[in-house]
Every structure is written in C-alpha cells, then in structure tokens.
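In our numbering, the protein residues as written are 70 to 193.
Put into structure tokens, the structure is as follows:
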C-alpha cells in the first residue's frame, strides 16, 4: 500500500496526465481498504544500512489517505482533468451524495474531510 501511495503521490504532484494508470493505483488502494477504513500491515519499508529496520506504523494509513485526497482534489480542481475521469465514489463502486462529497472548501483552498472510500458497514 505504502509504495503504491508514494507512486500515486509523485504522479499527482508532478501533474501526470495518464489517468488510466493513476485510476488503477487508486482502485488498488480502494479495493484493499478494510471495512473500518484502515489498510492491513504489509512488508516493512524502513530498512536501511542493511542492519536497521523501522516499522512506521502510521505510514500504511497516512500515505494511502494522502494519495486518495490528492487524487480527488486534482480531479475536482484541475481544468486539464478529463470530464470522464472517475471520482473515488465511482472507483469504489459507491454512489456519492454530491459531486463534492468529502470535500470542504475554506475560502480559496480545498480541504479534504475524513471519509471512507467505502461505506463502513459496522463500526461498533
């Protein structure tokens, strides 16, 4: 998840226009999101000097959410994004309540609000 999120963040920040590739990565993140909104632990990413290993516990939550947020912000705010590009709700297979579901605007900036890419079934 983390490496996919990093790749998506780099592509989105660089202004990549290959929405087919980006949508595939977003779909991968959405498809692997758990019902509670988290992502499962995978291989460690903090290996260095061949002798040190760090487990960055929040990386698997933060970076996928950051990539999803950047994707949705760019899709909504950029003029060069094709009108046919899929939003998170379409990628996740859920129906959005509005075109800006999960997005809050504060003056001139667009601020993502915490949302699940999938509808949570039971949080109790």
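The beta-carbon is built from N, C-alpha and C at its ideal position, and this holds for glycine as well. For clarity, every value in this text was computed on a predicted model and none was experimentally measured.
Alpha carbon of residue i to alpha carbon of residue j, nearest angstrom
{"i": "residue 109", "j": "residue 127", "result": "11 Å"}
{"i": "residue 90", "j": "residue 124", "result": "29 Å"}
{"i": "residue 102", "j": "residue 96", "result": "10 Å"}
Status (buried if at least 16 other CB within 10 Å, exposed otherwise) for residue i
{"i": "residue 119", "result": "exposed"}
{"i": "residue 107", "result": "exposed"}
{"i": "residue 116", "result": "exposed"}
{"i": "residue 86", "result": "exposed"}
{"i": "residue 74", "result": "buried"}
{"i": "residue 83", "result": "exposed"}
Where the alpha helix (DSSP H) through residue i begins and ends
{"i": "residue 137", "result": "128 to 146"}
{"i": "residue 75", "result": "71 to 82"}
{"i": "residue 89", "result": "88 to 100"}
Opposing strand residues paired with residue i [DSSP bridges]
{"i": "residue 121", "result": "117"}
Nearest-angstrom beta carbon gap, residue j and residue i [assumed within contact, 8 Å]
{"i": "residue 140", "j": "residue 81", "result": "6 Å"}
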